[in-house]
């Protein structure tokens, strides 16, 4: 094999490796989901576009709702803290008052809402109690950068 042929082969192999690495990085980035800011923006818009908790659950993947004896409710989506997603530990909520809020904390599991919030729990009587519980569990409000 001539030196020129070897150079062409090595160059071609190098380009192929770089191309494959680029595709892998792109796919891993896509698989890891949106960044925290993107997740909060996208989910906030999706929640704001719904008219009820039932509509949110029907149109937003992994959305769940907690209903309170007071008639109030909170619905939302969390990103599992144990995942490799870039927005892991993020929770975006909309309540029956129309407020959309986001938090960062320990979101345990894919369908965290409403699994961790039994409706018959004595502390879950209204939205104030729910938000107080999140604070007690160490969730911090998350504000998008301006």
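Numbering (the working numbering), first residue to last: 705 to 850. For glycine and all other residues, C-beta sits at the position ideal for the given N, C-alpha and C. Given the structure is predicted, the values throughout are model-derived calculations rather than measurements.
Kindly indicate which three-state DSSP category residue i falls into: helix, strand or coil?
i           : result
residue 844 : strand
residue 807 : strand
residue 780 : strand
residue 745 : helix
residue 728 : Summary for residue 728: the model assigns pLDDT 44, below 50, so the residue's position carries little reliability, and this model does not support an answer.
residue 768 : strand
residue 733 : For residue 733, the predicted model reports a pLDDT of 47, less than 50, meaning its position is unreliable; a value from the coordinates is still stated below. Looking at residue 733 - three-state DSSP - the assignment turns out to be helix.
residue 794 : strand
residue 816 : helix
residue 753 : coil
Do residue j and residue i count as a contact pair if the criterion is CB distance below 8 Å?
i           : j           : result
residue 816 : residue 782 : yes
residue 809 : residue 795 : yes
residue 831 : residue 776 : yes
residue 757 : residue 769 : yes
residue 779 : residue 760 : yes
Compare the C-beta of residue i with all C-beta atoms of chain B and state if any pair is closer than 8 Å.
i           : result
residue 795 : In the structure shown, chain B cannot be found, because there is only a single protein chain.
Please name the residue in the options whose C-alpha comes closest to that of residue i.
i           : options               : result
residue 773 : 745, 706 and 829      : 829
residue 767 : 785, 798 and 837      : 798
residue 849 : 740, 709 and 707      : 740
residue 840 : 786, 807, 743 and 742 : 807
residue 847 : 711, 706, 719 and 744 : 744
residue 793 : 750, 811, 801 and 803 : 811
residue 787 : 709, 736 and 834      : 736
residue 749 : 833, 819 and 805      : 805
Kindly give me the distance between the Cβ atoms of residue i and residue j, rounded to whole angstroms, as I take these residues to be in contact under 8 Å.
i           : j           : result
residue 791 : residue 845 : In fact, because the Cβ distance is near 16 Å, the residues do not count as touching under 8 Å.
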